[in-house]
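These protein sequence lines are chains W and U, in that order. Add 10 to the 1-based position in the first sequence for the working numbering, that's all there is to it. Add 10 to the 1-based position in the second sequence for the working numbering, that's all there is to it.
There are 2 protein chains.
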Amino acid sequence: MKYQLYYWPGLPGRGEFVRLALEEAGADYVDVARDDDEGGIEALLAFLNDQKNPMPPFAPPFLKAGKLVIAQSANILMYLGRKHHLAPANDAERLFANQLQLTVTDFVKEVHDTHHPLASSLYYEDQKPEARRYTEIFLKERVSKYMGYFERVLSHAKGKKFLIGGKLTYPDLSMFQLVEGLRYAFPDASRRAERRYPLIVALHDRVAERPRIKKYRASNRCIPFNESGIFRHYPELDG
Amino acid sequence: MKYQLYYWPGLPGRGEFVRLALEEAGADYVDVARDDDEGGIEALLAFLNDQKNPMPPFAPPFLKAGKLVIAQSANILMYLGRKHHLAPANDAERLFANQLQLTVTDFVKEVHDTHHPLASSLYYEDQKPEARRYTEIFLKERVSKYMGYFERVLSHAKGKKFLIGGKLTYPDLSMFQLVEGLRYAFPDASRRAERRYPLIVALHDRVAERPRIKKYRASNRCIPFNESGIFRHYPELDG
């Protein structure tokens, strides 16, 4: 079965957490909004606005898997994780994987709000002083709270190599993306902060070396970070 | 089995979405931080800070179910839903229930940010002008986007009475809480907005009339809204 991933073209965004799982799984998928043969962005908008759809997604990303349509990154990852052996095998650990992924979701929203603290519908340029105040506290308090938490989870994990159960599961792929994103958005602050979470950095490096991830990142399927995404580099925010 | 719910005492907050499911299920549970026999708030803090716990929660609410510890509201509700027949029976609808609940989570975070747009660690009083700008846009754009979406889902549901599959599932309980919370926080804006989502209001009323919910809300287990929670009433914000 060929999956159809629907996400905004031109930015890694929340779609990237799903792409990393699809790529690590070696799954067959197409990135609809970036593929004219699939209808491109118009196909995404048409699906989103289809008033006859009884189970519509609220927003991208969403994934079509045969007749299933699954929205919300963490929900898609839970589905793909089970299907492609990227989730733990027992219930307790599976619930924990979902919990970790939902904590990633929360963190990603806070990262987004560093450049859009007042409203997504306003330009960054219209909320710059607020973005500076938000980000100052974010870098001081929130990065260490979230990354410190994930570091703590890793410190208890079997072998300390992956978050759960001694083998790679989907939240590990998201850790990779968090480290990449923070480095892109806040290079100075990240360099200082990373000393406090060496296990996460080692996990990041381990994921980066996985053959399928390496190949993906060297391909044009992988969209570089830019200033339309979640992780944006505005030098004035990098405390 | 008696569940132990851990949540901050003194506010309904995110814990309330879990409480409503426990109550509707008629489940046996104790609200640890509000119960001195269970150790009260100290028991919550001790559990949260236990550095030896290999699968720690990031934040309340979390639920102990025998040996399981489940954190993140949507994750807890997914677990309780299956256990207590408050979730749909088939996979597609179960994924959709989780998606709806995660959309509730996103909305709740935006509601929280109406009074704390810059940082949770600052007082509301230290971010009042920003809260006003945030809330103005929130009430104009976000309430209608989210509630319009849920209304659209209801309009397609069998019998239009519940969100999924013609019977009550856990996201319906959260809809009740969203309506209650918006009415409390923004009475004027809600009165105007509710005309645009009559099916949600009818669902709210239907949930309010369920015997266990009615009994719960009349009991002292139910904490009234107040200005420590997610939904806070600051008249200056109610556009």
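Cβ atoms here follow ideal geometry from the backbone N, Cα and C, with glycine treated the same way.
Item	Value
Tell me the DSSP secondary structure of Gln14/W in three-state form.	strand
Which residues does DSSP pair with Lys224/W in a beta bridge?	Answer is none; Lys224/W lacks a bridge partner.
Name, in chain order, the residues that DSSP records as bridge partners for Lys74/W.	Gln14/W and Val79/W
Is Asp41/W helix, strand or coil when you go by DSSP?	strand
Could you pull out every residue in the same chain whose Cβ sits closer than 7 Å to the Cβ of Ser238/W, ignoring the five residues on either side in sequence?	Gly20 and Leu21
Which same chain residues, not among the five before or five after Leu178/W, have their C-beta less than 6 Å away from its C-beta?	Phe172
Could you tell me the distance, in whole angstroms, from the CA atom of Gly91/U to the CA atom of Pro139/W?	44 Å
Taking the alpha carbon of Pro66/W as the point to measure from, which residue in Ala167/U, Ala31/U and Arg231/U has its own alpha carbon closest?	Ala167/U
Let me confirm a value: Ser229/W is counted as buried when at least 16 other C-beta atoms fall within 10 Å, else exposed. Which label applies?	exposed
Closest by CA to Thr145/U, which one among Gly176/U, Phe106/U and His125/U?	His125/U
Looking only at its chain, what residues have a beta carbon closer than 6 Å to the beta carbon of Tyr134/W, apart from the 5 residues adjacent to it on each side?	His125
Spell out whether any CB of chain W is found under 8 Å from the CB atom of Pro98/U.	no
Of all the options Phe72/W, Glu34/W and Tyr16/W, which has the alpha carbon lying nearest to the alpha carbon of Asp46/W?	Tyr16/W
Three or more C-beta pairs under 8 Å: does that hold for the stretch 184-201 of chain U against the stretch 110-127 of chain U?	yes
Per DSSP, what kind of secondary structure is Pro197/W in: helix, strand or coil?	helix
Flag this pair as yes or no: are the beta carbons of Val261/W and Leu183/W separated by less than 8 Å?	Residue 261/W is absent from the model: chain W starts at 11 and stops at 249.
Which residues in chain U sit within 7 Å of Met65/W, going by Cβ to Cβ distance?	Phe106
Counting only runs of 4+ residues fully inside the stretch 92-170 of chain U, write out the alpha helix (DSSP H) ranges in chain order.	101-125, 138-147 and 153-166
Could you have a look at Ser184/W and say whether DSSP puts it in helix, strand or coil?	helix
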